[in-house]
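Engineer:
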Amino acid sequence: MATDKKKADTYSYKGWLNSDKFLKRAFAIYGYTMVAGLIIMVPFYALMFIIILIASLTM
(Lines of atoms letter the chains of each structure in order from A; the text may use other names.)
(Lines give C-alpha, C1' and ligand atoms only; values in the text may rest on other atoms or scores of the structure.)
Protein backbone atom coordinates (compact mmCIF):
# COMPACT_ATOMS: atom_id res chain seq x y z
CA MET A 4 0.00 0.00 0.00
CA ALA A 5 1.41 3.38 -0.99
CA THR A 6 1.13 6.02 1.68
CA ASP A 7 0.61 9.66 0.86
CA LYS A 8 3.33 11.67 2.56
CA LYS A 9 2.17 15.23 2.12
CA LYS A 10 4.14 17.95 3.88
CA ALA A 11 1.80 19.90 6.12
CA ASP A 12 2.09 23.64 6.68
CA THR A 13 3.72 24.78 9.89
CA TYR A 14 0.77 26.78 11.21
CA SER A 15 -2.60 25.56 12.44
CA TYR A 16 -4.41 28.50 10.81
CA LYS A 17 -4.92 27.53 7.18
CA GLY A 18 -5.07 31.03 5.71
CA TRP A 19 -2.89 31.85 2.75
CA LEU A 20 -0.91 34.56 4.57
CA ASN A 21 0.53 32.00 6.99
CA SER A 22 1.51 29.46 4.37
CA ASP A 23 5.05 28.14 4.02
CA LYS A 24 4.88 28.62 0.25
CA PHE A 25 6.06 31.96 -1.14
CA LEU A 26 3.68 32.11 -4.12
CA LYS A 27 0.67 31.40 -1.94
CA ARG A 28 1.57 34.31 0.36
CA ALA A 29 2.31 36.59 -2.61
CA PHE A 30 -1.08 35.92 -4.24
CA ALA A 31 -2.85 36.43 -0.90
CA ILE A 32 -1.25 39.86 -0.51
CA TYR A 33 -2.03 40.71 -4.15
CA GLY A 34 -5.67 39.72 -3.67
CA TYR A 35 -6.04 41.75 -0.49
CA THR A 36 -4.48 44.75 -2.24
CA MET A 37 -6.91 44.44 -5.16
CA VAL A 38 -9.93 44.25 -2.85
CA ALA A 39 -8.74 47.22 -0.81
CA GLY A 40 -8.23 49.22 -4.00
CA LEU A 41 -11.74 48.40 -5.16
CA ILE A 42 -13.23 49.38 -1.81
CA ILE A 43 -11.45 52.73 -2.00
CA MET A 44 -11.83 53.50 -5.71
CA VAL A 45 -15.41 52.43 -6.52
CA PRO A 46 -17.05 55.07 -4.28
CA PHE A 47 -14.57 57.66 -5.58
CA TYR A 48 -15.42 56.83 -9.21
CA ALA A 49 -19.15 56.88 -8.42
CA LEU A 50 -18.81 60.30 -6.77
CA MET A 51 -16.83 61.67 -9.72
CA PHE A 52 -19.41 60.26 -12.14
CA ILE A 53 -22.24 61.99 -10.26
CA ILE A 54 -20.34 65.30 -10.13
CA ILE A 55 -19.56 65.18 -13.86
CA LEU A 56 -23.15 64.19 -14.66
CA ILE A 57 -24.56 67.10 -12.64
CA ALA A 58 -22.04 69.51 -14.15
CA SER A 59 -22.87 68.42 -17.69
CA LEU A 60 -26.63 68.69 -17.11
CA THR A 61 -26.39 72.25 -15.77
CA MET A 62 -24.54 73.57 -18.83
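Quick note on this note's numbering: the sequence shown kicks off at 4 and runs consecutively.
Think of the CB as a built atom: it goes at the ideal place given N, C-alpha and C, for glycine as much as any other residue.
If you draw a straight line from the alpha carbon of Y16 to that of K27, how long is it in whole angstroms?
Structural biologist: Whole-angstrom Cα-Cα distance: 14 Å.
Engineer: For G34, which option in W19, A58 and I54 has the closest C-alpha, if you only look at C-alpha atoms?
Structural biologist: It is W19.
Engineer: From which residue to which residue does the alpha helix (DSSP H) around S59 run?
Structural biologist: F25 to T61 is the extent of the alpha helix (DSSP H) around S59.
Engineer: Give me the Cα-Cα distance between F47 and A58, rounded to the nearest whole angstrom.
Structural biologist: F47 and A58: Cα-Cα distance of roughly 16 Å.
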